[in-house]
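If you read the sequences in order, they're chains A and B. The numbering of the first sequence is the numbering used here, which starts it at 1 and goes up by one. The numbering of the second sequence is the numbering used here, which starts it at 1001 and goes up by one.
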Amino acid sequence: DAGVIQSPRHEVTEMGQEVTLRCKPISGHDYLFWYRQTMMRGLELLIYFNNNVPIDDSGMPEDRFSAKMPNASFSTLKIQPSEPRDSAVYFCASSPQGIGYQPQHFGDGTRLSIL
Amino acid sequence: GEDVEQSLFLSVREGDSSVINCTYTDSSSTYLYWYKQEPGAGLQLLTYIFSNMDMKQDQRLTVLLNKKDKHLSLRIADTQTGDSAIYFCAENGNFNKFYFGSGTKLNVKP
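Written out as structure tokens, the structure is:
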């Protein structure tokens, strides 16, 4: 089975540009999570969705960040305008819904560099 | 919010056992997880334990859970250089939100 698929794997862009990160969760998973990982702050949860509806976006750092999930198989995280401090690895994860053992499955991440 | 803590670094020699420790705060967590992150990759689920258990063994991995002290550990027997990675513990909360520790970087010396 295909795992969580993220694109692009690497993105290098200049400050001020719009950046769009994409995620395809595992089919049948009802939860989708966006994380950011940096050396300084570790792994931070930015936002997560349940059945395409945002549940908690309290981790989104600023209004420059937005996330959407237009359908069950696709989500985007957008940064506009981007700044050098946004440089990080961004992970998407998905998990099934239900009671009991429901681990999160991670994509390989997008390594973002803002110059 | 929930606070999951881990030591940042651990260095062992190849063939020795590694023990990575974690403390958590939410006693209502039903499952606790260990993830492994290799360089340039995402987090990979390594193992987990149900909160009603105090030990789980899976080949070279042993998970110990002390629910009274909210302490979780991961023991890797016969540690190999391929085990060098960052290890994260996590507890689950509402809506399957996970609370991750900061990660322990395991360095295995040949």
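Each residue gets a CB set at the ideal place from its N, CA and C atoms; glycine is no exception.
Residues that residue i contacts on chain A, provided the C-beta gap is smaller than 9 Å
{"i": "lysine 1097/B", "result": "Tyr31, Phe33, Leu45, Tyr48, Ile55, Asp56"}
{"i": "serine 1017/B", "result": "Neighbours of serine 1017/B on chain A: none; closest Cβ ~25 Å, over 9 Å."}
Under 8 Å from the C-beta of residue i: neighbouring residues of chain D
{"i": "tyrosine 1048/B", "result": "As a matter of chain content, chain D is missing from the structure shown, whose protein chains are A and B."}
Chain B contact residues for residue i, given Cβ-Cβ distances below 8 Å
{"i": "phenylalanine 91/A", "result": "Gly1042, Leu1043"}
{"i": "serine 7/A", "result": "Under the 8 Å cutoff, chain B gives no residues; its nearest Cβ is about 13 Å from serine 7/A."}
C-alpha gap between residue i and residue j, whole angstroms
{"i": "valine 117/A", "j": "arginine 111/A", "result": "The first residue shown for chain A is 1 and the last is 115, placing residue 117/A beyond what the model contains."}
{"i": "phenylalanine 74/A", "j": "arginine 1060/B", "result": "37 Å"}
{"i": "glutamine 80/A", "j": "glutamate 18/A", "result": "5 Å"}
{"i": "lysine 1056/B", "j": "serine 1028/B", "result": "19 Å"}
{"i": "leucine 115/A", "j": "threonine 20/A", "result": "16 Å"}
{"i": "aspartate 1026/B", "j": "tyrosine 1099/B", "result": "10 Å"}
{"i": "threonine 1023/B", "j": "aspartate 1054/B", "result": "14 Å"}
Contacts of residue i in chain B (Cβ-Cβ under 7 Å)
{"i": "glycine 109/A", "result": "Gly1042"}
Which residues DSSP lists as bridging residue i, in chain order
{"i": "proline 54/A", "result": "Phe49/A"}
{"i": "threonine 1023/B", "result": "Glu1005/B, His1071/B"}
{"i": "tyrosine 1048/B", "result": "Tyr1033/B"}
{"i": "glutamate 14/A", "result": "In the DSSP output, where bridge partners are listed per residue, glutamate 14/A has none listed."}
{"i": "leucine 1065/B", "result": "Leu1072/B"}
Contacts that residue i makes with chain A (C-beta to C-beta distance below 7 Å)
{"i": "tyrosine 1031/B", "result": "Tyr101"}
Three-pair Cβ contact test at 8 Å for the segment 1008–1026 of chain B versus the segment 1092–1109 of chain B
yes
Hey, is the segment 92–102 of chain A in contact with the segment 1068–1088 of chain B, meaning 3+ C-beta pairs nearer than 8 Å?
no
Should the segment 97–106 of chain A be regarded as contacting the segment 9–18 of chain A, the criterion being three or more beta carbon pairs within less than 8 Å?
no
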